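Have a look at the structure below, then the notes.
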Amino acid sequence: MINPDYYEDNGRPRYIGFIPDLLREISQLTGMKYVIKTSPGNSFGYKQSDGSWDGMVGELIRQEADLAAAPMFKTSERQQVVDFSVPFLDVHATLLQRKPPPGVLLKIASVEDLLGQFEFKYGTLDRGIIVRAFKETNSTVLRTIWRNMVTFKPSVFTSSNRGGIARARRTKYIFVIPHTIGDYMSMQEPCDLVTTDRFLLDIGYCLAVNKGSELLTQFNLAIHALRDSGKIRDLYRTWWLDGSNCDPIQSNKIYGSAYVARSLS
């Protein structure tokens, strides 16, 4: 996000958040200078019917940026057109739901609790890494949950995370979402959401660069160093846990952040 009260000396806005802080740490280790801009539409990048790519991946392919920095997953399709760094943050799926009133026990505390009950419907984004993981899982429980989601009427799939979050707020609907996004939303006022369980996914967010970019090795070395030193853990604590008025559970202030950078080195 942009800090409206602060601008760099060159007049450019100063971006704040986990990703901008991560880029500053990488810059200190590598000596790389860069200019940040937001990606139009905050789209990470999906292949279109005509074979072109939109979003951040498209900008990399067209050489309009040297680096895409976002909560983006490495997929086999994206790997065909861009290169990915080692993961800078591990990600799992979680259950996002409306918080019960004080003193009332949570009825759905784990993914197994979804089975054998008819009070809550559950779904996820209609595309992306979670749908893919459900289709490929060998877990009997998760395969059953997936079959249920496919057969629910009306549809329990949403076209956006915002739509799923809004549905969880309004109805007895449980939204399966990356825990980073879910935990962030549960820490935002009016503090009416909660996340439970970690399951399905065991992957990470990665940086993306132009195919064959010489920057990749530098980024990988920097990410390893930042993880080993505990710096990324410190950034996580700063942006996930601190500064919320809600109950102290894990949160994430990376939600919706999609940046591309042009190297000035």
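Just so you know, we're using full-length UniProt numbering here: the sequence shown kicks off at 1 and counts up by one. Note that the Cβ used here is the ideal one computed from N, Cα and C, for glycine as well. As the structure is a computational prediction, the values presented were derived from the model and not from experiment.
Compare the beta carbon distance of residue i and residue j with 8 Å and say whether it is the shorter of the two.
i	j	result
A168	A68	no
F134	L142	yes
H179	T195	yes
S43	G51	no
F73	I129	yes
L114	N161	no
D197	L96	no
F175	G123	yes
F18	L221	no
G45	G58	yes
L22	Y34	no
Between the options, which lies nearest to residue i when the distance is taken from Cα to Cα?
i	options	result
residue 279	G128, L60, G123	With the chain running from 1 to 265 in the structure shown, residue 279 is simply not present.
L226	Y15, L29, G17, I16	L29
S244	D228, L201, E189	E189
S139	L201, G103, V104, P154	L201
L127	K107, E119, T75, G103	Per the sequence shown, the amino acid found at residue 127 is Arg instead of Leu. Selected option, being the one with the closest Cα: T75.
E119	I232, T171, V104, P154	T171
I203	R132, L105, S49, L106	R132
Grab me the residues of residue i's own chain with a C-beta within less than 7 Å of its C-beta, minus the 5 sequence neighbours each way, in chain order.
i	result
K47	W53, E77
R98	A168, R169, D192, L193
G41	G55
G103	none
G256	Bear in mind that the predicted position of G256 carries a pLDDT of just 38, short of 50, making it unreliable; the figure below should be weighed with that in mind. Contacts found: N42.
Output needed for residue i: all residues of its chain with C-beta closer than 6 Å, excluding positions within five of it in sequence on either side, in chain order.
i	result
N252	Reliability of the predicted coordinates at N252 is poor, the pLDDT of 34 falling under 50, and no value is obtained from them.
K121	F152, V156, Y173
C246	M187, C191
F199	A93, V111
Y6	Confidence is the limiting factor: at Y6 the pLDDT is only 39, short of 50, which leaves the residue's position unreliable, though a coordinate-based value still follows. Contacts found: R14.
I177	L96
Using the Cβ count rule (16 or more neighbours within 10 Å means buried), how would you classify residue i?
i	result
P101	exposed
S39	buried
P20	buried
G230	exposed
P71	buried
E8	Note that E8 scores a pLDDT of 49, beneath 50, so its modelled location is shaky and nothing firm can be said.
V109	The amino acid occupying residue 109 in the given sequence is Ala; Val does not appear at that position. By the neighbour-count rule (16 or more Cβ atoms within 10 Å), A109 is not buried but exposed.
N210	buried
I232	buried
Q79	exposed
Output needed for residue i: all residues of its chain with C-beta closer than 8 Å, excluding positions within five of it in sequence on either side, in chain order.
i	result
H224	V86
T144	L115
T137	R143, W146, L200
Got a sec: is the Cβ-Cβ distance from residue i to anything in chain D below 8 Å?
i	result
Y173	Of the chains in the structure shown, none is chain D; there is only one protein chain.
Query raised in the report: Does the pairing of the region 157-168 with the region 78-86 give three or more beta-carbon distances under 8 Å?
Result: Cβ pair count under 8 Å is below three, so no.
Report task. Say whether the region 210-221 touches the region 89-108, bearing in mind that this needs 3 or more beta-carbon pairs closer than 8 Å, one atom from each stretch. Result -> no
Query raised in the report: Is there contact between the region 135-150 and the region 60-67, where contact requires at least three CB pairs shorter than 8 Å?
Result: Touching, no.
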